[in-house]
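**Student:** Going by my numbering, the sequence shown opens with residue 139, and the numbers climb by one from there.
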Amino acid sequence: MTTVELMDYDEVLARFDPVLGLEVHVELSTNTKMFCGCPTGFGAEPNTQVCPTCLGLPGSLPVLNGTGVESAIRIGLALHCEIARWCRFARKNYFYPDMPKNFQTSQYDEPIAFNGYLDVTLDDGEIVRVEIERAHMEEDTGKSLHVGGATGRIHGAEHSLLDYNRAGVPLIEIVTKTITGTGARAPEVARAYVTALRDLLRALDVSDVRMDQGSLRCDANVSLMAKDATEFGTRTETKNVNSLRSVERAVRHEMTRQAAILADGGSILQETRHFEEAGGTTRAGRRKETSEDYRYFPEPDLAPIAPSREWVEELRLTLPELPAARRKRIQTEWRLSDLEMRDLVNAGAIDLVAATADAGAPPDEARSWWVSYLSQQANNRAVDLGELPITPAQVAKVIALVAAGTLTNKLAREVVDGVLAGEGEPEQVIESRGLKVVSDDSALYAAVDEALVAQPDVAAKIRDGKLAAAGAIVGAVMKATKGQADAKRVRELVLDRCQA
Ligand SMILES: [Zn+2]
139 MTTVELMDYD
149 EVLARFDPVL
159 GLEVHVELST
169 NTKMFCGCPT
179 GFGAEPNTQV
189 CPTCLGLPGS
199 LPVLNGTGVE
209 SAIRIGLALH
219 CEIARWCRFA
229 RKNYFYPDMP
239 KNFQTSQYDE
249 PIAFNGYLDV
259 TLDDGEIVRV
269 EIERAHMEED
279 TGKSLHVGGA
289 TGRIHGAEHS
299 LLDYNRAGVP
309 LIEIVTKTIT
319 GTGARAPEVA
329 RAYVTALRDL
339 LRALDVSDVR
349 MDQGSLRCDA
359 NVSLMAKDAT
369 EFGTRTETKN
379 VNSLRSVERA
389 VRHEMTRQAA
399 ILADGGSILQ
409 ETRHFEEAGG
419 TTRAGRRKET
429 SEDYRYFPEP
439 DLAPIAPSRE
449 WVEELRLTLP
459 ELPAARRKRI
469 QTEWRLSDLE
479 MRDLVNAGAI
489 DLVAATADAG
499 APPDEARSWW
509 VSYLSQQANN
519 RAVDLGELPI
529 TPAQVAKVIA
539 LVAAGTLTNK
549 LAREVVDGVL
559 AGEGEPEQVI
569 ESRGLKVVSD
579 DSALYAAVDE
589 ALVAQPDVAA
599 KIRDGKLAAA
609 GAIVGAVMKA
619 TKGQADAKRV
629 RELVLDRCQA
């Protein structure tokens, strides 16, 4: 493997301005495919969700999925786009084994939605408006599986297998306008944009937006402009980056790679590149075709789409509260400072805290659990907060048990640890680990008496009115009860004993 020269990131920024363009493909969660009645579920046996239409057999004809169009319009509206009064599908002609029709049915110069924007919040709370060029409908391809090679790539493989279950699954491609002026924050803007788009699509309930399963995929176009240049540089397109973190890494890597080539007097090839998760690098794919190469022409087997304005307005009414508006409302309702809100957003905890509050917990305490203790646990396990094996309802239960005096904060953390370790519901963990607070006064009195006898000097001081000395006795009792007593109650009992 040849080593790739990279330029130091600060030097890149001193000499060049990064220019971004982001294309996101989202698989819609419709029950059936875009142009036939085949189911779309993920993970079925290969080639069990196919029919003559999605296999491109002679004589088969496409029928447009109405829900797919509806989702496309709702996505367009949520992105503040104009919705076309009339648009068509086109054929994008090329051969690839995973595409049995030899063309992809897609929208070309007549997208259903165009000219929108998405406001994107960066880690420090700054908002960047990313303009949307278009959102258009198309269909997914099948999948190739290359067998025998070391890396699952076609190179070195002995043979390839094809699975057409995904062929024809509805896709919406969302394309940004050129994003300039982001400077050092270009990689962060790219990640924040995909994050915001994912949250928006999730709120719309049009896709399961699983990047790990490919239902949300990002292609990142990156080019550099020398500081004194007046035209954009040549861009590369890094394909199918499949995690939010990878989006950021891929953009950063391309910036440092391209800068080194340009500084050395070289030129950038317009090509697709593939992100290598392990090293955080990209490798060359195919030379990029131009749109002329695809010989686009209008799809003759599908009628044009002319959404009536009434229908568009009806769909606008179905839009849920969108993430940005929801964040604003939550910040007001929960009386959070900008900093607290930022921590909440960065922890990816809004939905979890909201669900915990819905399950009956005070929002402040729900927030505290998710943003601090549970975030630490997620960090330790290197998973997203939402992937922790604990539900908002379970967290709400633990908070309620603390409020009822059944658990101290320390015991509550142990209960949460037990839930995370798969020991069952909070009540089961309390039972099996014996974590209940000792609330039986007679048991506590016994422990207090024992401690007073063991430390007669301290006991004498308390009896003389030096109440600060009570701390030593409380400490001894807490130790004797393994922390399972309410320290405040213990203190009351100590003072009670000493006054008698
Ligand atoms: Zn089919």
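Every residue, glycine too, gets a C-beta built ideally from N, C-alpha and C.
Apart from the five residues on each side of it in sequence, which residues of its chain come closer than 7 Å, Cβ to Cβ, to A531?
**Tutor:** Once the five neighbours on either side are set aside, the close Cβ partners of A531 are A497.
**Student:** Starting from L160, trace the beta strand (DSSP E) in both directions and tell me its first and last residue.
**Tutor:** 154-165
**Student:** Check each candidate in A610, L166, K604 and name the one with the smallest Cα separation from L590.
**Tutor:** It is A610 whose Cα lies nearest to the Cα of L590.
**Student:** Can you give the beta carbon distance from S167 to D346, rounded, assuming they're within the 8 Å contact cut?
**Tutor:** 5 Å
**Student:** In chain order, what are the residues with a CB under 6 Å from some non-hydrogen atom of ligand 1?
**Tutor:** Taking a cut-off of 6 Å from the heavy atoms of ligand 1, the residues with a C-beta inside it are K171, C174, C176, V188, C189, T191, C192, G306.
**Student:** Do you know how far the Cα of L440 is from the Cα of G306?
**Tutor:** 14 Å
**Student:** Excluding the 5 residues preceding and the 5 following T186 in the sequence, name in chain order all residues of the same chain whose CB lies nearer than 8 Å to its CB.
**Tutor:** N303
**Student:** Tell me whether R272 sits in a helix, a strand or coil according to DSSP, three-state version.
**Tutor:** Annotated three-state conformation of R272 is strand, per DSSP.
**Student:** Sorted by chain position, which residues of the same chain lie with C-beta nearer than 6 Å to I265's C-beta, five sequence neighbours on each side aside?
**Tutor:** D257, T259
**Student:** Could you name each continuous beta strand (DSSP E) segment of 3 residues or more that falls completely within the region 358-413, going from the start of the chain to the end?
**Tutor:** Entirely contained in the region 358-413, the beta strand (DSSP E) runs reaching 3 residues are, in chain order, 374-379.
**Student:** Taking the beta carbon of V491 as the centre, do at least 16 other beta carbons fall within 10 Å, making it buried, or is it exposed?
**Tutor:** By the neighbour-count rule (16 or more Cβ atoms within 10 Å), V491 is buried.
**Student:** Check M139 in the structure and name its three-state DSSP category.
**Tutor:** With a pLDDT of 46 at M139, under the threshold of 50, the modelled position of this residue cannot be trusted; read the value that follows with caution. Correct three-state label for M139: coil.
**Student:** Taking Cβ positions, are I528 and V553 nearer each other than 7 Å?
**Tutor:** no
**Student:** Give a yes or no on contact between the region 422-429 and the region 381-395, applying the rule of three or more CB pairs nearer than 8 Å.
**Tutor:** no
**Student:** For a quick check, are the C-beta atoms of V612 and A625 less than 7 Å apart?
**Tutor:** yes
**Student:** In whole angstroms, what separates the C-alpha of D236 from that of L158?
**Tutor:** 29 Å
**Student:** For Q396, count neighbouring C-beta atoms within 10 Å of its own C-beta (all shown protein chains included) and say buried if the count is 16 or more, exposed if not.
**Tutor:** buried
**Student:** CA-CA distance, P196 and K171?
**Tutor:** As the crow flies, the alpha-carbon of P196 is around 19 Å from that of K171.
**Student:** Cutting at 7 Å between CB atoms, please list the residues of its own chain near A328, excluding the five before and the five after it.
**Tutor:** L158, L160, A358, V385, E386, V389
**Student:** By Cβ distance below 7 Å, which residues in the same chain neighbour G263 in space, the five residues on each side in sequence not counted?
**Tutor:** D476, R480
**Student:** Given A614, which residues of its chain have a CB within under 6 Å of its CB, disregarding the five upstream and five downstream residues?
**Tutor:** A589
**Student:** By Cβ distance, which residues of its chain are closer than 8 Å to Q245, with the 5 residues on each side in sequence left out?
**Tutor:** C225, R226, F227, A228, H274, M275, E276
**Student:** Residue range of the alpha helix (DSSP H) that V332 falls in?
**Tutor:** 324-342
**Student:** Beta carbon of A324, beta carbon of P156: below 7 Å?
**Tutor:** yes
**Student:** Bridge partners for C356 per DSSP, in chain order?
**Tutor:** V162, V379
**Student:** Give the secondary structure of D602 by DSSP, where H, G and I count as helix, E and B as strand, and everything else as coil.
**Tutor:** coil
**Student:** Suppose only complete runs of 3+ residues qualify. What are the beta strand (DSSP E) ranges in the region 451-488, listed by chain order?
**Tutor:** Segments of the beta strand (DSSP E) lying fully in the region 451-488: there are none.
**Student:** From which residue to which residue does the beta strand (DSSP E) around A422 run?
**Tutor:** 419-425
**Student:** Could you work out which residue in R519, H163, A295, E569 is closest to V313 when comparing CA atoms only?
**Tutor:** When only C-alpha atoms are compared, the closest one is H163.
**Student:** Who are the near neighbours of W507 in its chain, counting only those whose CB is closer than 6 Å to its CB and skipping five residues on each side?
**Tutor:** So the list reads V533, once near-sequence residues are dropped.
**Student:** Would you grab the beta carbon distance between L335 and L460 for me? Rounded to a whole angstrom, and I think it's under 8 Å.
**Tutor:** With 8 Å as the limit, L335 and L460 do not qualify as a contact, their Cβ atoms being about 12 Å apart.
**Student:** Going by beta carbon distance, what residues of the same chain come within less than 6 Å of L106, once the five residues before and after it are set aside?
**Tutor:** No answer is possible for residue 106: it lies beyond the span of the chain, which begins at 139 and ends at 638.
**Student:** In the DSSP assignment, what are the bridge partners of Y255?
**Tutor:** E269
**Student:** Return the chain-ordered list of same chain residues with a C-beta closer than 8 Å to the C-beta of V142, the five sequence neighbours on each side being excluded.
**Tutor:** When the five nearest sequence neighbours on each side are left out, the beta carbons in the same chain lying within less than 8 Å of the beta carbon of V142 are those of R395, A398, T419, in order along the chain.
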